[in-house]
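Novice:
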Amino acid sequence: MDSIHFNPARCNLCGDCIDKCPFDALSMAETGIEVNDSCRVCGACVRSCSQKAISVEKKTGTVDKSQWKDFLIYVEQERGDIHPVAYELIGVARKMAPKVRYKVNCVIVGSEGTVENAKKLLNYGVDQVYVYEHPCFQGFKADCYTDAVSDCIAHIKPSSVLIGATSLGRSMAPRLATRYRTGLTADCTTLDIQENTDMIQIRPAFGGNIMAQIMISQSRPQFATVRYRVMDRAKKVENPSGKITVCEINDHMISSGIKVISSAVMEKKKAIEDAGIIVAIGRGVRNEEGVGLCQNLADALGATLAFTRPMVEQGIGNQLYQIGLSGHTVRPKLIITCGVSGAIQFTSCMNGAETIVAINSDPNAQIFNVANYCIVDDLYEVVPKLTALIQNKKED
Amino acid sequence: MKIIVCMKQVPATSQVEIDPETGAMKRLSSNTRTNPYDLFALETALQIREKLGGTVTVLTMGPSQAEIMMKDTYTMGADDAVILSDKKFAGSDVLATSYTLAQGIRVLKGADLILCGRQTTDGDTAQVGPAIAEHMGIPHCAWVSEILDVTKDAITVRQNLEAVTQVSEMHYPCLITVDKDMCVPRLPSYILKKKTADRPVKYLTFDDLPDQNLSRYGLTGSPTSVARMFAPPAKDSQVYLQGNAEEKANQLFQTLLSKKII
Numbered sequence: 012m013d014s015i016h017f018n019p020a021r022c023n024l025c026g027d028c029i030d031k032c033p034f035d036a037l038s039m040a041e042t043g044i045e046v047n048d049s050c051r052v053c054g055a056c057v058r059s060c061s062q063k064a065i066s067v068e069k070k071t072g073t074v075d076k077s078q079w080k081d082f083l084i085y086v087e088q089e090r091g092d093i094h095p096v097a098y099e100l101i102g103v104a105r106k107m108a109p110k111v112r113y114k115v116n117c118v119i120v121g122s123e124g125t126v127e128n129a130k131k132l133l134n135y136g137v138d139q140v141y142v143y144e145h146p147c148f149q150g151f152k153a154d155c156y157t158d159a160v161s162d163c164i165a166h167i168k169p170s171s172v173l174i175g176a177t178s179l180g181r182s183m184a185p186r187l188a189t190r191y192r193t194g195l196t197a198d199c200t201t202l203d204i205q206e207n208t209d210m211i212q213i214r215p216a217f218g219g220n221i222m223a224q225i226m227i228s229q230s231r232p233q234f235a236t237v238r239y240r241v242m243d244r245a246k247k248v249e250n251p252s253g254k255i256t257v258c259e260i261n262d263h264m265i266s267s268g269i270k271v272i273s274s275a276v277m278e279k280k281k282a283i284e285d286a287g288i289i290v291a292i293g294r295g296v297r298n299e300e301g302v303g304l305c306q307n308l309a310d311a312l313g314a315t316l317a318f319t320r321p322m323v324e325q326g327i328g329n330q331l332y333q334i335g336l337s338g339h340t341v342r343p344k345l346i347i348t349c350g351v352s353g354a355i356q357f358t359s360c361m362n363g364a365e366t367i368v369a370i371n372s373d374p375n376a377q378i379f380n381v382a383n384y385c386i387v388d389d390l391y392e393v394v395p396k397l398t399a400l401i402q403n404k405k406e407d
Numbered sequence: 037m038k039i040i041v042c043m044k045q046v047p048a049t050s051q052v053e054i055d056p057e058t059g060a061m062k063r064l065s066s067n068t069r070t071n072p073y074d075l076f077a078l079e080t081a082l083q084i085r086e087k088l089g090g091t092v093t094v095l096t097m098g099p100s101q102a103e104i105m106m107k108d109t110y111t112m113g114a115d116d117a118v119i120l121s122d123k124k125f126a127g128s129d130v131l132a133t134s135y136t137l138a139q140g141i142r143v144l145k146g147a148d149l150i151l152c153g154r155q156t157t158d159g160d161t162a163q164v165g166p167a168i169a170e171h172m173g174i175p176h177c178a179w180v181s182e183i184l185d186v187t188k189d190a191i192t193v194r195q196n197l198e199a200v201t202q203v204s205e206m207h208y209p210c211l212i213t214v215d216k217d218m219c220v221p222r223l224p225s226y227i228l229k230k231k232t233a234d235r236p237v238k239y240l241t242f243d244d245l246p247d248q249n250l251s252r253y254g255l256t257g258s259p260t261s262v263a264r265m266f267a268p269p270a271k272d273s274q275v276y277l278q279g280n281a282e283e284k285a286n287q288l289f290q291t292l293l294s295k296k297i298i
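From first to last, the protein sequence lines are chains A and B. One point on numbering: in this note's numbering, the residue at position 254 of the first sequence is 265, and numbering is uninterrupted. One point on numbering: in this note's numbering, the residue at position 152 of the second sequence is 188, and numbering is uninterrupted.
(1) Determine, using beta carbons only, whether A:ASN383 comes closer than 8 Å to chain B.
(2) Could you confirm whether any beta carbon from chain A is found closer than 8 Å to the beta carbon of B:SER225?
(3) Which word fits B:GLY171, buried or exposed, when buried means at least 16 other C-beta atoms lie within 10 angstroms of its C-beta?
(4) Between A:VAL67 and A:ILE289, what straight-line distance do the alpha-carbon atoms span, to the nearest angstrom?
(5) Could one say the Cβ of B:ARG222 lies closer than 8 Å to chain A's Cβ atoms, at least one of them?
(6) Out of B:ASP189, B:ILE39, B:PHE125, which one is the CA nearest neighbour of B:CYS152?
(7) Starting from A:LEU308, trace the alpha helix (DSSP H) both ways and give me its first and last residue.
(8) Does the Cβ of B:SER294 have 16 or more other Cβ atoms within 10 Å, making it buried, or fewer, making it exposed?
(9) Could you tell me how far apart the beta carbons of A:ALA245 and A:ILE101 are, in whole angstroms, since I believe they sit closer than 8 Å?
(10) If I follow the unbroken beta strand (DSSP E) through A:PRO185, where does it start and stop?
(11) To the nearest angstrom, how far is the alpha carbon of B:GLU205 from that of B:THR192?
(12) Excluding the 5 residues flanking B:THR111 on each side, which residues of the same chain have their C-beta closer than 7 Å to its C-beta?
(13) If you run the structure through DSSP and keep just helix, strand and coil, what is A:HIS145?
(14) How long is the line joining the alpha carbons of A:GLN224 and B:LYS188, rounded to whole angstroms?
(15) How would you write the range of the alpha helix (DSSP H) that B:MET172 sits in, first residue to last?
(16) Out of A:TYR98, A:ALA104, A:ALA97, point me to the one whose CA is closest to A:ASP81's CA.
(17) Using beta-carbon positions only, say whether A:LYS114 and A:ASP138 come within less than 8 Å of one another.
(18) Quick one: grab the DSSP three-state call for A:MET12.
(19) Does B:GLN290 pass the burial test, meaning 16 or more other C-beta atoms within 10 Å, or should it be called exposed?
(20) Taking 8 Å as the threshold, find out whether the segment 20-40 of chain A comes into contact with the segment 238-252 of chain B through three or more Cβ pairs.
(21) Beta-carbon within less than 7 Å of A:VAL393's beta-carbon, same chain only, minus the 5 sequence neighbours each way: which residues are those?
(22) Among A:THR358, A:ASP389, A:GLU365, which residue has its Cα nearest to the Cα of A:PHE379?
(23) Can you round the beta-carbon distance between A:VAL120 and A:TYR143 to whole angstroms, since I take them to be within the 8 Å contact cut?
(24) Per DSSP, A:MET210 is paired with what?
(25) My assumption, with CB atoms under 8 Å, is that A:CYS258 sits in contact with A:TYR141. Please give the rounded CB distance.
(26) 8 Å is my cut-off, CB to CB: does A:GLN229 come that close to chain B?
(27) Would you mind stating whether B:ILE174 and B:PRO209 have Cβ atoms separated by less than 8 Å?
(28) Listing by chain order, which chain A residues have their CB less than 7 Å from the CB of B:ILE40?
(29) Are A:THR319 and A:VAL351 touching if we call contact CB-CB under 8 Å?
(30) If we ignore side chains and look at the alpha-carbon of each, how far apart do A:TYR156 and B:LEU245 end up?
(31) Which residues does DSSP list as the beta-bridge partners of A:TYR161?
(32) Compare the C-alpha of A:LYS404 against each of A:ALA311, A:PRO374, A:SER38, A:VAL323 and name the closest.
(33) Against chain B, does A:THR71 count as a neighbour if the rule is that its beta carbon must be under 8 Å from one of theirs?
(34) Identify the contact partners of A:PHE151 in chain B, using a Cβ-Cβ distance below 7 Å as the criterion.
(35) Of all Cβ atoms in chain B, is any one closer than 8 Å to the Cβ of A:PHE217?
(36) What does a CB cutoff of less than 6 Å around A:LEU316 pick up in its chain, not counting 5 residues either side in sequence?
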């Protein structure tokens, strides 16, 4: 929508902008600075120009934003229940809603039991839940689901549509955004909204070592997907006042080019590289009892149990689950090391983890050099207490 | 069987260096490579061609540097390679990119099966494949981990939908995006390299496309815009938890709760 504009009267051809451009998009041509295909309108050149010769040209809006209002959240069902990312989307929408006096509505699509699931959403303070229930929505068919949600969007004209960045969400969202010829921002990690109803969407770019703020300022609805466990879950409300609207299903919605032949619960053993949470044990775990304690912690966390090299050599762990230069490199969200000393061969293969917790009774253990949370204590004491806290939380 | 594989040339590294003092981005490396996920799509296409016959055409949008990648696809066995290249396509986001590719596919008179990699390593959105299917009004299956059956009329695939795997069947024309590690992409063949040395890579520009409405392409056709870029928040600093074992366990538990890890 926007583009970079050079004012030749001001430009003194100093070339600073060419150096500052992270995308190699500027070059010195005979007639002045030229912008090529790689430009992403990031604005680095605008800020670098001492002559104020560069500006971002914004195209004037073509959409009447007042025609589109409120949030619409796509609620996914997984194996007959609501995917918990939906509650987090409701949470972030309810945080933004008061700033623009918007309602928070939901749309849910599925086979039998969908209306029942829809009722659960009202407890979280949503205003309207639009339900598309039909036996044909058994199994995920991208075309049918897109048609149903698209029908809802056409009727209620939401300003923003939030979708969980699950496999299903990421398969459907691009079809919806394309159908409405509008923008979609994938994997937002922060969402906010301006008074003019434009969402401020922040997402990691280039492998996550830089963040980008994305705007969809000229079209509606604004589509965003958000990964599970990124936003705060909505709190339940005292007196739910929302309503359920069961929507009419037409033939178009249920005719599909996709035939679902079967579906099965995935029981694939997680490779250690794919594990989101890892409990790693080292020589400080002295006996079978200790391994059992750490296994219990791993189970409570839904984590994968991993081992240092000595543990594998002693036959306690399998090489498939060994972290280190002679094993595997991991980048989980969380790794809890128990009784691991932290040799460089180990730490160099796990220090990319988002959060590192180290439990070791030796205050001088090298593992504490890389850990974010350091617990200098006996793992035989700490681990069972931590396990109990996590188990109790789950039973709540 | 007519197969089109959409591929992309991406920066060789996804790591952008950031000046720690100013927070400004340093220049992206200009080294490029083929998006690794797309190689699985190409290999899958070649295997289907080996089984059923037909042609495999590789399609990309990008600058003329993409010719290197396209030549490489010849050495793996692609029959044709087409680059959509025009200054008018510059600055395209997902909507404009998928539209341009869909227009390119129309120029190529469509396909029975269109394959894409699951995502690219630079954009990471995994959106272009399903968006192409929508522009063309054909069904798609994303996250395909296995081709279970492929015939002259239909394809049966296994899709990974996180907690469940689903077996789906589609008749042509349709589109699939394939997961990594579903096959082993073949190495370039020296014989094919010699054989295809003179085979040209075709170019399509804006003027070749059926829709001549400029507002659908490039920056003007892109509803999303990057307002700013900045360094991510610093990593957690180091904390030594204090107290007895129970207090330490509790503090850690509260921390994990607030970080939404549990």
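Backbone N, C-alpha and C fix where the C-beta goes; we use that ideal spot for every residue, glycine too.
Specialist: Taking the structure as given:
(1) Residue 383 of chain A sits at position 372 when you count from the first residue of the first sequence. True, the Cβ-Cβ gap to chain B drops below 8 Å.
(2) Position 189 of the second sequence, counted from the first residue, corresponds to residue 225 of chain B. Closer than 8 Å: no.
(3) Mapped onto the second sequence, residue 171 of chain B falls at position 135. Note on identity: in this sequence residue 171 of chain B is His, with Gly being the wrong assignment. Buried.
(4) Residue 67 of chain A sits at position 56 when you count from the first residue of the first sequence. Residue 289 of chain A sits at position 278 when you count from the first residue of the first sequence. Distance between the alpha carbons of A:VAL67 and A:ILE289: 46 Å.
(5) Along the second sequence, one-based indexing puts residue 222 of chain B at 186. No, no contact with chain A.
(6) As a position in the second sequence, residue 152 of chain B is number 116, starting the count at 1. It is B:ILE39 whose Cα lies nearest to the Cα of B:CYS152.
(7) Residue numbering aside, residue 308 of chain A sits at position 297 when the first sequence is read from its first letter. That run of the alpha helix (DSSP H) goes 299-312.
(8) Taking the first residue of the second sequence as 1, we reach residue 294 of chain B at position 258. Exposed.
(9) Walking along the first sequence from the start, residue 245 of chain A turns up at place 234. Walking along the first sequence from the start, residue 101 of chain A turns up at place 90. About 4 Å separates the two Cβ atoms, so the contact holds.
(10) Locating residue 185 of chain A in the first sequence gives position 174, counting from the first residue. Counting along the chain, A:PRO185 falls outside any beta strand (DSSP E), though it belongs to the alpha helix (DSSP H) covering 178-190.
(11) Taking the second sequence and counting its residues from 1, one reaches residue 205 of chain B at position 169. Taking the second sequence and counting its residues from 1, one reaches residue 192 of chain B at position 156. When rounded, the distance between both Cα atoms is 4 Å.
(12) Position 75 of the second sequence, counting from 1, holds the residue named residue 111 of chain B. Closer than 7 Å at the Cβ level, and outside the excluded window around B:THR111, lie PRO224, SER225, LEU228, LYS229, THR232.
(13) Working through the first sequence from its first residue, we reach residue 145 of chain A at position 134. A:HIS145: coil per DSSP, three-state reduction.
(14) As a first step, residue 224 of chain A is located in the first sequence; it is residue number 213 there, counting from the start. As a first step, residue 188 of chain B is located in the second sequence; it is residue number 152 there, counting from the start. A:GLN224 and B:LYS188: Cα-Cα distance of roughly 45 Å.
(15) Residue numbering aside, residue 172 of chain B sits at position 136 when the second sequence is read from its first letter. Element bounds for B:MET172: 164-172.
(16) As a working note, residue 81 of chain A is residue 70 in the first sequence. Comparing Cα-Cα distances from A:ASP81 to each of A:TYR98, A:ALA104, A:ALA97, the minimum goes to A:ALA104.
(17) Here residue 114 of chain A refers to the residue found at position 103 when the first sequence is read from its first residue. Here residue 138 of chain A refers to the residue found at position 127 when the first sequence is read from its first residue. Cβ distance < 8 Å, so A:LYS114 and A:ASP138 count as in contact.
(18) The residue given as residue 12 of chain A occupies position 1 in the first sequence. For A:MET12, the predicted model reports a pLDDT of 45, less than 50, meaning its position is unreliable; a value from the coordinates is still stated below. Of the three classes helix, strand and coil, the one that applies to A:MET12 here is coil, per DSSP.
(19) Stepping through the second sequence from its first residue, residue 290 of chain B is reached at position 254. Exposed.
(20) no
(21) Numbered from 1 along the first sequence, position 382 holds the residue referred to as residue 393 of chain A. Cβ within range, chain order: ILE370, ILE386.
(22) Start at 1 with the first residue of the first sequence, and residue 379 of chain A comes out as number 368. Answer by Cα proximity: A:THR358.
(23) Looking up residue 120 of chain A in the first sequence gives position 109. Looking up residue 143 of chain A in the first sequence gives position 132. That belief holds up - the Cβ atoms of A:VAL120 and A:TYR143 are roughly 4 Å apart, short of 8 Å.
(24) Mapped onto the first sequence, residue 210 of chain A falls at position 199. Looking at the DSSP assignment, A:MET210 forms a beta bridge with A:ILE204.
(25) Taking the first residue of the first sequence as 1, we reach residue 258 of chain A at position 247. Taking the first residue of the first sequence as 1, we reach residue 141 of chain A at position 130. Rounded, the Cβ-Cβ distance is 5 Å, consistent with contact.
(26) For this step, residue 229 of chain A is matched to residue 218 along the first sequence. With 8 Å as the cut-off, A:GLN229 counts as an interface residue toward chain B.
(27) In the second sequence, residue 174 of chain B corresponds to position 138, counting from 1. In the second sequence, residue 209 of chain B corresponds to position 173, counting from 1. Cβ atoms of B:ILE174 and B:PRO209: closer than 8 Å.
(28) Here residue 40 of chain B refers to the residue found at position 4 when the second sequence is read from its first residue. Ordered by position in chain A, no residue passes the 7 Å Cβ test against B:ILE40, which lies about 18 Å from the chain.
(29) Translated into positions along the first sequence, residue 319 of chain A becomes position 308. Translated into positions along the first sequence, residue 351 of chain A becomes position 340. Cβ distance < 8 Å, so A:THR319 and A:VAL351 count as in contact.
(30) In the first sequence, the residue the question calls residue 156 of chain A occupies position 145. In the second sequence, the residue the question calls residue 245 of chain B occupies position 209. The straight-line gap from Cα to Cα measures roughly 31 Å.
(31) What you label residue 161 of chain A is simply residue 150 of the first sequence in a count that begins at 1. The displayed chain sequence assigns Ser, not Tyr, to residue 161 of chain A. Beta-bridge pairing links A:SER161 to no other residue.
(32) The residue given as residue 404 of chain A occupies position 393 in the first sequence. Checking every option, the nearest Cα to that of A:LYS404 belongs to A:ALA311.
(33) In the first sequence, counting from the first residue as 1, residue 71 of chain A sits at position 60. No answer about A:THR71 holds up, because its pLDDT of 49 lies below 50 and its placement is not dependable.
(34) Numbered from 1 along the first sequence, position 140 holds the residue referred to as residue 151 of chain A. Under the 7 Å cutoff, chain B gives LEU197, GLN202.
(35) Indexing the first sequence from 1 puts residue 217 of chain A at position 206. It does; some Cβ of chain B falls within 8 Å.
(36) Counted from its first residue, the first sequence places residue 316 of chain A at position 305. Correct list, in chain order: VAL290, GLN306, ALA309.
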